[in-house]
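Data first, discussion second: the structure below is written as structure tokens.
Numbering (this note's numbering), first residue to last: 16 to 256.
In structure tokens, the structure reads:
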């Protein structure tokens, strides 16, 4: 028994010597993600914290609203182009999308846009233009009067979705300048854009493009040059930077 014990002790001593002779291992730090410059957070009236991102500086803020199921990243190219022209471009994610808190709930997104408008003004904007794609276009039209929008840009906007309805009386109240865009073969949304154009007062502009492109893809495919030029010209005329 004593021999076995002695062997066991010697084995432990050998392991200790081996470990002692090894160089110390320094733990490697895990890099911490750094938010993009311009990232900030703001809170809705019902207490949900949303993720926002501001590109550029200026007294005229362009507040971009997304379609359902998409993040603010879809607007980055357009937003950066407008920021380079002297605008404050504000992107944000709806609740439950991207880095925003809460649960994704389209019927509550009116509160999200309200908070985004307030956040843009808190960052120094004296004028706000609402730009929305698909469901975001519905939101922009629905809140344009309440949010005192200088102008609105609706791209493939819907007339009704998730309990939010844009009625004719709402459309008739859109007295601010309007730029409306859709694709002719994106039939449901082309009808909605045409109806908003026909029902709303001047000033208003409409562009119906060939094809089926929906929402922000109108700015990114074969109609990109014309759509970006229309947007730039419209903003220069009605909501200059």
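Even for Gly, the Cβ is constructed at its ideal location relative to N, Cα and C.
Drop a sphere of 10 angstroms on the beta-carbon of residue i, count the other beta-carbons inside from all chains shown, and report buried for 16 or more, exposed for fewer.
i           : result
residue 110 : buried
residue 141 : exposed
residue 236 : exposed
residue 130 : buried
residue 190 : exposed
residue 134 : buried
residue 73  : buried
residue 193 : buried
residue 118 : exposed
residue 238 : buried
residue 228 : buried
residue 251 : exposed
residue 173 : buried
residue 43  : Since pLDDT at residue 43 reaches only 40, below the 50 mark, its modelled position is unreliable, and the value read off the structure follows with that caveat. Per the 10 Å Cβ criterion, exposed.
residue 183 : exposed
residue 230 : buried
residue 139 : exposed
residue 232 : buried
Quick test of your reading: residue i and residue j, contact by CB under 8 Å. State the CB separation rounded to the nearest angstrom.
i           : j           : result
residue 254 : residue 100 : Contact flag wrong, Cβ pair sits at about 11 Å.
residue 146 : residue 103 : Their Cβ separation, rounded to whole angstroms, is 12 Å, which puts residue 146 and residue 103 out of contact at 8 Å.
residue 137 : residue 105 : In fact, because the Cβ distance is near 11 Å, the residues do not count as touching under 8 Å.
residue 197 : residue 215 : Actually they do not touch by this definition, with Cβ atoms about 14 Å apart.
residue 211 : residue 156 : 7 Å
residue 195 : residue 208 : 5 Å
residue 67  : residue 55  : 5 Å
residue 78  : residue 143 : 6 Å
residue 257 : residue 113 : Residue 257 falls outside the range modelled here, since the chain spans only 16 to 256, and no answer is possible.
residue 127 : residue 169 : Not really, about 17 Å apart at Cβ, beyond 8 Å.
For the alpha helix (DSSP H) containing residue i, name the first residue and the last one.
i          : result
residue 96 : 91-99
residue 11 : Any answer about residue 11 is impossible in this case: the structure gives the chain only from 16 up to 256.
Between which two residues does the beta strand (DSSP E) carrying residue i extend?
i           : result
residue 65  : 64-70
residue 75  : 75-80
residue 223 : 219-224
residue 55  : 54-58
Complete runs of the beta strand (DSSP E) confined to the segment 181-205 [at least 3 residues]: 193-198
Segment contact flag, the segment 53-69 with the segment 115-135, C-beta cutoff 8 Å, min 3 pairs: yes
The segment 70-85 / the segment 213-227 touching (three or more Cβ pairs under 8 Å): no
Uninterrupted alpha helix (DSSP H) stretches inside the segment 85-171 (no shorter than 4 residues): 91-99, 124-137 and 150-158
At least 3 beta-carbon pairs within less than 8 Å: the segment 197-205 vs the segment 175-188: no
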